[in-house]
Amino acid sequence: MYIGNCEIFHGWNNHSLYSLRKAKKFDAKTVVERNSAHPKEQIRLLKEGDIKCKGNLNQSALKRSCRELEECDYIIVPSTFVKRSFIKRGYSESKLIQIPQGVNLEKFKPNMNRTGIFRGLFVGNISERKGIHYLVEAWSDLDLEDSELLICGSIRKEMKNLAQKYKKEESISFTGYVPTLPYEKADFLVLPSLEDGFGLVVLEAMASGLPVIISENTGAKDLVKEGTQGFIVPVREPEAISERIRYFYDNPGEVERMGKNARKKAENYSWNEYQDKLVKAYEDIIK
1 MYIGNCEIFH GWNNHSLYSL RKAKKFDAKT VVERNSAHPK EQIRLLKEGD IKCKGNLNQS
61 ALKRSCRELE ECDYIIVPST FVKRSFIKRG YSESKLIQIP QGVNLEKFKP NMNRTGIFRG
121 LFVGNISERK GIHYLVEAWS DLDLEDSELL ICGSIRKEMK NLAQKYKKEE SISFTGYVPT
181 LPYEKADFLV LPSLEDGFGL VVLEAMASGL PVIISENTGA KDLVKEGTQG FIVPVREPEA
241 ISERIRYFYD NPGEVERMGK NARKKAENYS WNEYQDKLVK AYEDIIK
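The numbers in the sequence shown follow the UniProt record's numbering, run straight up by one, and end at 287.
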């Protein structure tokens, strides 16, 4: 890899250790971008209360990931949630640069194609980390008439039994991977993650005019004011998810109001905004 003569090296966490070290030999400032909580904090959150959630890193990868974060000059994080996870692990706030992710506002915009059915939407890998088991439990307990929960994403091995169990329910549809996400068919998005550094699908849904129900461990909560663009719920509490879904079901006017607020908020988070903030960060680094 050609690194000589660069002023800044920017790499992704868990993929940059040797390139980062080479860049340092050329006196470049080094930046690592991390879109999830600090690796050790991420694993702690996944194990908390559910021993089956062991995280995605083996010990070798975990060690390499942590070395990158320790050796680099700066770390770019997408949310307050991720930033706090690093501070909790002893990192100086001056090393952390917070830049939220962006969204294509032309691709994702309000274009409702609803059929009269009350429809919730989940988008992401069907995994324990995404909290899908709490969502399907919450939805099943509600037993709402003329309703559907669309679950879009690839099913992880550990969740296949859960998917088989709930596929029997007429109001829950597991679509698998879909190339075009059906935001326009939904009334709201739910993402009850146990740990999610940002959750880009939250921003996509908001740009599409949908209110959201997300967990307190989802970084995109920076964009959501309770009762304005949607709701923030505690992790691992299906009852809290049920309560917010029921509120949307009983108050369609609130779904519309919060959806409009969500779109308005998302308009401040284009990829151009991300680019401008990244360039400004680079300029500050090399001053």
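All C-beta atoms, glycine included, are put in the ideal place defined by N, C-alpha and C.
For clarity, every value in this text was computed on a predicted model and none was experimentally measured.
- Assignment of Gly253 by DSSP, reduced to helix, strand and coil, places it in the helix class.
- Each residue's CA atom was taken as its position, placing Gln164 and Lys157 some 12 Å apart.
- The beta carbons of Ile214 and Ile232 sit about 6 Å from each other, so the pair counts as a contact at 8 Å.
- Residue environment analysis places Gln101 among the buried positions, since at least 16 neighbouring C-beta atoms fall within 10 angstroms of its C-beta.
- CA-to-CA, the gap between Glu170 and Asp143 works out to about 10 Å.
- At the C-beta level, Val178 and Leu162 stay beyond 9 Å of one another.
- In the DSSP annotation of this structure, the continuous segment of the alpha helix (DSSP H) that includes Leu62 starts and ends at 59-71.
- Counting only runs of 3 or more residues that sit fully inside the stretch 133-198, the beta strand (DSSP E) segments are 147-152, 172-176, 188-191, in chain order.
- In chain order, Lys185 place their CB closer than 8 Å to the CB of Thr115, counting only its own chain and leaving out the 5 sequence neighbours on each side.
- Taking a cut-off of 8 Å on C-beta distances, the stretch 242-253 does not touch the stretch 268-277, as fewer than three cross pairs fall below it.
- For Arg21, the uninterrupted alpha helix (DSSP H) run begins and ends at 17-25, by DSSP.
- A buried status is given to Asn217, since no fewer than 16 other beta-carbon atoms sit within 10 Å of its beta-carbon.
- Around the beta carbon of Asp196, 16 or more other beta carbons sit within 10 angstroms, so the residue counts as buried.
- At a Cβ-Cβ threshold of 9 Å, Leu210 and Phe174 do not count as neighbours.
- Pairing Leu69 with Ile76 gives a Cβ-Cβ distance that is not under 9 Å.
- The beta carbon of Gly199 sits closer than 7 Å to the beta carbons of Leu191, Ser193, Ile214, Thr218, Gly219, Ala220 from its chain, once the five residues preceding and following it are set aside; these are given in chain order.
- For Glu239, the number of other beta carbons within 10 angstroms of its own is below 16, and it is reported as exposed.
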